[in-house]
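Per my numbering, the first sequence starts with residue -7, numbered consecutively.
Just so it is clear, CB atoms sit at the ideal spot from N, CA and C, and this is done for glycine as well.
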Amino acid sequence: MPSDAATDQRAADLLEELNEPQREAVTHGDGPLLVLAGAGSGKTRVLTHRIAYLIHSGRARPGEILAITFTNKAAQEMRERVERLLGRSARTMWVSTFHSACARILRAEAPRLGYTRQFTIYDQADSRRLVKRCLEELGVDTKRFTPAAVQAQISGAKNRLRDADAYAQLVGGYFEQTVAEAYRLYERELHRMNAMDFDDLLVNVVNVLQLFPEVQGRYSAAFRHVLVDEYQDTNHAQYRLLQLIAGEHRNLTVVGDDAQSIYGFRHADIRNILDFQDDFPDARVVKLEQNYRSTQTILDAANAVIANNRGQMHKTLWTDRGPGDPIVIRELDDEHAEARYVLGEIRRLVDDEGASLSEIACFYRTNAQSRVLEDALVRAEIPYQVVGGTKFYERAEIKDAIGYLTLLANPADAIAFARIANSPKRGIGQTSLQRVLAHAEAAGLTVWEAAADPGGVPGLGKPAIRAFERFMSTMAQLRERAEAGAPIAELLEAVLHDTGYLEALEAERTIEAQGRIENLEELVEVAREFDAVYDGEESRLDAFLQQIALVSDSDTRRDDEGVVTLMTLHNAKGLEYPVVFIIGCVEGVLPLQRAIDEGALEEERRLCYVGMTRAMRTLTLTYARRRNVYGSTAYGVPSRFLAEIPPELVDRDEGPAAGAGFGTAGGYRPRAVSSWAAMREVASAGAGGSGASFAVGDDVLHPAFGEGVVTGVEPGGVVTVRFAGEAGERKLMVDYAPLTKR
DNA sequence: ATCATGGCATTTTTT
DNA sequence: ATGCCATGAT
């Protein structure tokens, strides 16, 4: 990047919008950097600006940047924000999740490890099915040793970079011995099927980098600057991966918050962030403690709660926004009263205070808790969305459809084969299927080869042979189309039609089946979109499957549709809402009993902290004295976390809403009205306080999009602008968009 | 091979 | 209470 005047100006603008510690982090030159970013302290802004700074200052070209996040959504958002700062040159940057970066590397390097480039990626369910099959093959009682538990052990071992041999060396009891055997078999099976589970993506990249120094040299030279978001959630394999890529040039920036580490149960290793300074004694450490999201009261409460954890990196969040409203804590009779209370408050906020439903979120510890709430909302006809729960790509019909495509791409994939062989029913039962699978293994054939020649499978009956012949002849035709490079949407439609899958669903004539058909149509749409943008030279099908394996539908979640949002506390991380309710603040639920038993109380506290710090304006915590647990009644003790909030910050007033239920005007508080109005002002000014403030109706000017008018203002500094020209309607971040008022 | 009934467990889950 | 899985009947 040459330093013409315009570029210098942009570089200066870049820093203009930052506070002192943010600027320090952004302008840090080469060498290790640890950014301890408290909740709502603008860490994404720091990351995006730092990337822009590295490029503006000539320290890196866009292609030399590797920026890693944990979710596709975060990656996408970061890419958009960086593109807004840098323009199209940002396109060559790697901004992706650990897993997709690894998948991309392995698409190039997997042959070195004995896989083909068409390797299948198994999700957790696929992997569990394979674990189960391995256990059965070993004659293990899957009631005593559940596939889930064994899978968790194997996954834990992989995340610590222990292969089956290393694991076997460490085993103690009988269970672990069994796991060791299962692990070994599981690995062999995966490899035989040319498949990797999620953990393998990381492990195999580590392997390839360790085994082939020239490969390591290539990637570590290619990524001159590596930046990692949510560093507190990395596991050991990811840690090692970063060492291998960034260990030499040491241009590693990690951003995280130990107080928000909530994925320990998935082997995230909080030590990675706590020990960063031991790994890099010369690391620059920057703390971001100024919060741009919440009121001081909310921050004080959250700070007080998290202060009860030991061994953390001390941070104290503060804001210059003023105290705001007290934290509301309400005790209700049972979970139904709890739901009615939340409902009443939602109505009050919307009817009396002009809040929009999209500004309201309700969090809970476990998915099951959403049910009562949903019932209440449905009855009240308040639109809502539940984030998480059953996912699109986990639905049976979607997995089936993808299973077909997978088998077309990877004829060795026995898991895919087993999934679809008799779906729809075509007379291939458990027994026949097992015979084919066993024969394939014994004869060293792929399942495809074994099934294509059913006459050669010992013990197969006449009707079964006929069934396989018919099935495989259909599949062979489909495969020809796939290999000819047919568009995925077309291929998928052919699959659904030719295999009789759609026909079988249509024959059911149930509402449920209709829903499935609609889901499949949606998948075809996804494929169509993929076809439209795919321009790679590699196999379309391989690329499509790889992409689909690593996305979840929460990535496509829309969050501003005029609906209330319901989700678990885990799903809430990284989000913010003006109004937050956390229900079920009861001992045993939050903190969860099982977590307490496992010694994970501090993680529960962090979870609570994450939930509290999502709230911008109003935070309400509720619990029920009585609740139903699997049919019987349990009596609740208020969560210990409630007691950790300083009483002077709390409104425990038993308002009329506590027992009265539906939308009584009795809960009306004039104080809240004014503070609400004040909040909207702040929100429209943008999270960074850049000074620019926009209101609906303002005429604005954008250097690229031209003239426009503001049609919407959202919290978080997002404005919607309708432009006069080609640009149409766009959402822009006030902080980043070069938008001026006319 | 497929359908129906009973038994058992029942966290969170970015990938 | 509910949903998933295994076992037995057709």
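Just how far apart, CA to CA, sit residue i and residue j?
i: V449; j: D155; result: 34 Å
i: G303; j: Q161; result: 31 Å
i: R778; j: R99; result: What the structure shows of the chain is the stretch from -7 to 734, and residue 778 is not part of that stretch, so it cannot be assessed.
i: L39; j: L561; result: 24 Å
i: R663; j: M70; result: In this prediction, R663 has a pLDDT of 31, which is less than 50 and means its spatial position is unreliable; nothing more can be read from the coordinates.
i: M604; j: H41; result: 27 Å
i: L599; j: H259; result: 16 Å
i: I57; j: L233; result: 16 Å
i: R83; j: T423; result: 51 Å
i: V247; j: G591; result: 27 Å
i: I575; j: T614; result: 5 Å
i: G647; j: T557; result: Because G647 sits at a pLDDT of 45, beneath the cut-off of 50, its placement in the model cannot be relied upon, and the point is left open.
i: N301; j: N295; result: 10 Å
i: F741; j: W86; result: With the chain represented from -7 up to 734, any question about residue 741 goes unanswered, as that position is not in the structure.
i: A505; j: A140; result: 29 Å
i: A59; j: G79; result: 17 Å
i: A149; j: Y159; result: 7 Å
i: V197; j: A93; result: 10 Å
i: R473; j: G507; result: 28 Å
i: F573; j: G528; result: 46 Å
i: L748; j: R210; result: Look at the range of the chain in this structure, -7 to 734, and you will see that residue 748 is not part of it.
i: L399; j: D405; result: 6 Å
i: T732; j: T612; result: 37 Å
i: K279; j: T89; result: 24 Å
i: H217; j: Y223; result: 16 Å
Look up residue i in the DSSP assignment and say whether it is helix, strand or coil.
i: R739; result: Absent from the structure is residue 739, since the part of the chain shown begins at -7 and ends at 734.
i: E8; result: helix
i: R357; result: coil
i: L542; result: coil
i: M604; result: helix
i: V783; result: The requested residue 783 does not occur in the structure, where the chain is confined to residues -7 to 734.
i: S431; result: Looking at the sequence shown, residue 431 is not Ser but His. Helix.
i: G708; result: Caution applies to G708, whose pLDDT of 49 falls short of 50 and renders its modelled position unreliable; the model cannot decide the point.
i: N620; result: strand
i: A669; result: In this prediction, A669 scores a pLDDT of 33, lower than 50, which makes its location untrustworthy; no coordinate-derived value is stated.
i: V449; result: coil
i: E475; result: helix
i: Y493; result: helix
i: E636; result: coil
i: T438; result: coil
i: K279; result: strand
i: Q169; result: helix
i: Y211; result: helix
i: G700; result: strand
i: D118; result: helix
i: E187; result: Reading the sequence as shown, one finds Ala at residue 187 and not Glu. Here A187 sits in strand by DSSP.
i: A251; result: helix
Determine, using beta carbons only, whether residue i and residue j come nearer to each other than 9 Å.
i: E461; j: P446; result: yes
i: M559; j: Y356; result: yes
i: L593; j: I265; result: no
i: P583; j: G492; result: no
i: R152; j: H228; result: yes
i: Y255; j: D221; result: no
i: M464; j: A496; result: no
i: T19; j: R73; result: no
i: R332; j: L341; result: no
i: E568; j: S253; result: no
i: V439; j: A31; result: no
i: A172; j: L127; result: no
i: Q282; j: G34; result: yes
With a cut-off of 8 Å on the beta carbons, I'd call residue i and residue j a contact; round off their distance for me.
i: I321; j: A293; result: About 10 Å; that fails the 8 Å criterion.
i: I407; j: N414; result: 14 Å between Cβ atoms; not a contact.
i: D191; j: S147; result: 5 Å
i: N199; j: Y107; result: With 8 Å as the limit, N199 and Y107 do not qualify as a contact, their Cβ atoms being about 11 Å apart.
i: D317; j: T289; result: 7 Å
i: E327; j: N511; result: Going by Cβ atoms, the distance from E327 to N511 rounds to 31 Å, so no, they are not a contact pair.
i: V578; j: P630; result: 7 Å
Hey, is residue i close to the ligand PLP, as in C-beta under 8 Å from one of its heavy atoms?
i: Y255; result: Within the structure as shown, the ligand PLP is missing, as the structure has no ligands at all.
- Message: As an exercise, report each continuous alpha helix (DSSP H) stretch of at least 4 residues that is fully enclosed by the stretch 13 to 96, in chain order.
- Response: 35 to 48 and 64 to 78
- Message: As an exercise, report each continuous alpha helix (DSSP H) stretch of at least 4 residues that is fully enclosed by the stretch 291 to 370, in chain order.
- Response: 327 to 345
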